[in-house]
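Quick mapping for you: the protein sequence lines, in order, are chains S and B.
Using this note's numbering, you'd call the opening residue of the first sequence number 926 and step up by one each time.
Using this note's numbering, you'd call the opening residue of the second sequence number 10 and step up by one each time.
Right, one structure below, let's go through it.
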Amino acid sequence: MTRPYVRPVDFRHGRVDMTHGGGGRAMAQLVDELFLRAFDNDWLRQGNDGARVDVPAGRLVMSTDSHVVSPLFFPGGDIGCLSVHGTINDVAMCGATPLYLAAGFVLEEGFPLADLRRIVESMAAAAKDAQVPVVTGDTKVVEQGKGDGVFITTTGVGIVPSGIDVSGDRARPGDVVILSGTIGDHGVAIMSLRENLGFETAIASDTAALHGLVAAMLAAAPGIRCLRDPTRGGLATTLNELARQSGCGIALAESHIPVRPEVAAACEFLGLDPLYVANEGKLVTICPPEDADRLLATMRSHPLGHDAAIVGEAIVDPHHFVQMDTSFGGRRVVDWLTGEQLPRIC
Amino acid sequence: MKYIDEFRDGALARRLAAAIAAEALPSRRYHLMEFCGGHTHAISRYGLADLLPPNVRMIHGPGCPVCVLPIGRIDNAIELAARPGLILCTYADTMRVPASGGLSLMKAKALGRDIRMVYSSADALRLAREHPDRDVVFFAIGFETTTPPTAVAIRQADAEGLANFSVFCNHVVTPAAISNILESKDVRELGTVALDGFIGPAHVSTVIGSEPYEYFAEEYARPVVIAGFEPLDVMQAILMLVRQLNEGRAEVENEFTRAVTREGNAKAKAIVADVFELRKTFEWRGLGEVPYSALRIKERYRRFDAEARYGIVYQSVADNKACECGAILRGVKRPVDCRLFGTACTPENPMGSCMVSSEGACAAHYTYGRFKDAAIVGERPQEPANA
């Protein structure tokens, strides 16, 4: 196909300007030379306003997530791959196999095109690795000072296999709570970069697409009741959501919750509780007790569930408290997050 | 985590708990006040009350910096932030303290005021350097722990000639507050607050040392044990207090020897003395006007004093009538004795200051301990076992 553009987009020195969102030739060129080239699939190449896709029979899951993380690039990832992983995970936590993604970009005038290309290529690589294509998208530009570089909204759809019924309201007293790995990695990685904190760590974000792990888990234990990824608000908030939705309490054992020593140290230093720090590549599942050992073994044999651990149990509690036996020997409530522990974490 | 985990050892805690239970005489009660919010937080977060016998009761003291800040002072800060071009910086906990008219610094920020959270006074100085065309005011709060960094910032601004930087000083001092509690009617006359001994401040004492507490031990015949903020520190201090009370002693003992000396930090004290002097009186939430209980900036550094620069006029504002923060800060009532607790007043919508900071008695109890108030607490299953 011959390109109708005289000069290629200057990805080395160029910056986003208002014409890139104006619907004219500059926008078309950016779409062609950046988005289309990176995401490269038949649906996008058709050039329609939306993607017409084939969907297998079953229950469709749809989920959307906006990403405003600051800074845009961080150890272990960037806003691009994060926006792909985040939505794939939300679809997967409904028990579905993610099939397609849509992506909306809000770009700020003046944003370096080199950074935009890096982000889009990271998104494309993440989508390719996950085998979930970005089939439609949109780009808008706002004036300088009205955005913060780039915001990305992704929407995903997927299909729930027959026989699977995963929902946050299905936990029952006696069910077992399993966590897929260490908590707090993403939040601490982001914090380590924030300009006014000024400490350096070797901790990388755990951002990852979890649908492969979920597929293995559902194959091993189709009776899984709940799945959720503890992102903003951390494990504590996720468990409170599940307890409230299911109308039960949850009892945790602090000593069984895996936390990397460097994450624990950083949290100690900052006065944070790892239970409330965001994750982007972890999940928590609740399953009937008879499935627990099998599920745990399956999770531990998967690269993204290597550190999985049974961390607690659903209990009868009309107040829907999440309680925790502390490593110290006392017991306390693990409450909802109050306020905002760290803004713009994802 | 080295140097941390050693002080959170559950097995050692159980041994200490057994010692406390064995030594506390069943015939008497032990009412111990932990002055500091840091101790309050540790007690709640680690569930220490579960490890104590029923006749050893912890009473939460007023040592939570944002809790004791009166509404009028927050109002002053919000008025300052409304000045065109002014940047107000403060520690995060201060942001959510309720002020007059349903406002808080957080809400004022949402209304467009330039209010920034900082981790240290050095961050506020940096902002002043980065914005030479704008006034930058550091809303300084806290006990003796946060006072030296504020003093250093003022001296640094003086050395650099940072004319756009100033400090709205609300620093308070610990000994005056302890005296106020011991002198209060509740303790001396009415006997509504039984106070048998104190767990003395951790970080405050690293600065002022253990010497200032000797007066209380002697004059009021109450034992004081200075303790670190880790849970084992607190348990050890409780055991030491129980022993002193059993033996009829009222001395200052130092559990936190790894950080606190009798003299404290001489350099920090000298810097503070260079920059600050005592105010004649200062209003504390809960305690009211307390003589010589707070600091102001000395004449020599007046150009960095936001109160002088902007002509701040303090006006006392009464707390919500139903709010029991005052009585809770004096140890007269417990959080659950307040009818707003957990109903109208929650961490999301605090009515009183004790519900704001994680060091506040109400917030700590709401966040970590309120399941104990619930009529039915769920059946406890077996300890989960990892495969």
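Cβ coordinates follow ideal geometry from the N, Cα and C atoms, glycine included.
As the structure is a computational prediction, the values presented were derived from the model and not from experiment.
Check	Outcome
Chain S within 8 Å of SER366/B, Cβ atoms only	no
Residues in the stretch 1234-1256 of chain S having any Cβ partner in chain B nearer than 8 Å	ALA1234, ILE1235, VAL1236, GLY1237, GLU1238, ILE1240, VAL1241, ASP1242, PRO1243, HIS1244, PHE1246, GLN1248, ASP1250, THR1251, SER1252, PHE1253, GLY1254, GLY1255, ARG1256
Residues near SER109/B in its chain [Cβ-Cβ closer than 7 Å; skip 5 each side]	ILE80, ASP84, VAL326
C-beta neighbour in chain S for ARG343/B, strict 8 Å	no
Reference GLU192/B; option with closest CA among PHE177/B, ARG339/B, CYS98/B	ARG339/B
HIS69/B classed as buried or exposed, judged by whether at least 16 other C-beta atoms fall within 10 angstroms	buried
Nearest-angstrom Cα separation, counted from PRO141/B out to ALA1189/S	38 Å
Pick from GLY237/B, PRO221/B, ARG267/B that is closest to GLY46/B, judged by C-alpha positions	GLY237/B
Straight-line Cα distance separating ARG1257/S from ALA22/B	16 Å
Proximal residues to GLY1011/S (C-beta, below 6 Å), its chain only, five neighbours per side dropped	ASP990
ALA1178/S - DSSP class collapsed to helix/strand/coil	strand
Cβ of TYR55/B within 8 Å of any chain S Cβ	yes
Chain B contact for PRO1155/S (CB, 8 Å cutoff)	no
Short CB-CB distance (under 8 Å) between THR1132/S and chain B	no
Residue-chain proximity (THR376/B, chain S), Cβ-Cβ < 8 Å	yes
Distance, GLY351/B Cα to ALA26/B Cα	30 Å
Bridge partner(s) assigned by DSSP for MET67/B	LEU41/B
C-alpha distance - ALA1234/S paired with ALA168/B, whole-angstrom precision	55 Å
Identity of the residue in THR1079/S, LEU1024/S, GLN1056/S, GLY1002/S nearest VAL1031/S by Cα	THR1079/S
Separation of ARG37/B from GLU205/B, as counted between CA atoms	Going by the sequence as given, residue 205/B is Asp instead of Glu. Between ASP205/B and ARG37/B, the C-alpha separation is close to 11 Å.
Amino acids of chain B, ordered along the chain, whose beta-carbon sits closer than 8 Å to that of THR1078/S	Result: empty, since nearest Cβ-Cβ is about 23 Å, beyond 8 Å.
Status (buried if at least 16 other CB within 10 Å, exposed otherwise) for SER1226/S	exposed
Terminal residues of the beta strand (DSSP E) in which ALA976/S lies	Run containing ALA976/S: none; DSSP gives neither H nor E here.
Within chain B, the residues that ALA1190/S reaches when beta carbons sit closer than 7 Å	MET10
Nonlocal neighbours in the same chain, by C-beta distance under 7 Å from PHE936/S, ignoring five residues either side	LEU1038, ALA1039, ARG1042
Three-state class that DSSP yields for CYS1019/S in the structure shown	coil
ILE1270/S vs VAL1102/S beta-carbon contact at 8 Å	no
Proximal residues to VAL65/B (C-beta, below 6 Å), its chain only, five neighbours per side dropped	ALA33, TYR39
Per DSSP, the bridge partner or partners of GLN1248/S	ALA1176/S, VAL1258/S
Unbroken alpha helix (DSSP H) run spanning HIS50/B, endpoints	46-54
Beta carbon proximity, ARG1269/S to chain B, threshold 8 Å	no
Range of the contiguous beta strand (DSSP E) that encloses CYS1212/S	1209-1212
Burial state of THR99/B, where buried means 16 or more other Cβ atoms lie within 10 Å	buried
Beta carbon proximity, ASP400/B to chain S, threshold 8 Å	No answer is possible for residue 400/B: the residues shown for chain B start at 10 and end at 396.
Bridge partner(s) assigned by DSSP for MET10/B	For MET10/B, which the question treats as bridged, DSSP gives no partner whatsoever.
Neighbour flag for VAL1060/S against chain B, beta carbons, 8 Å	no
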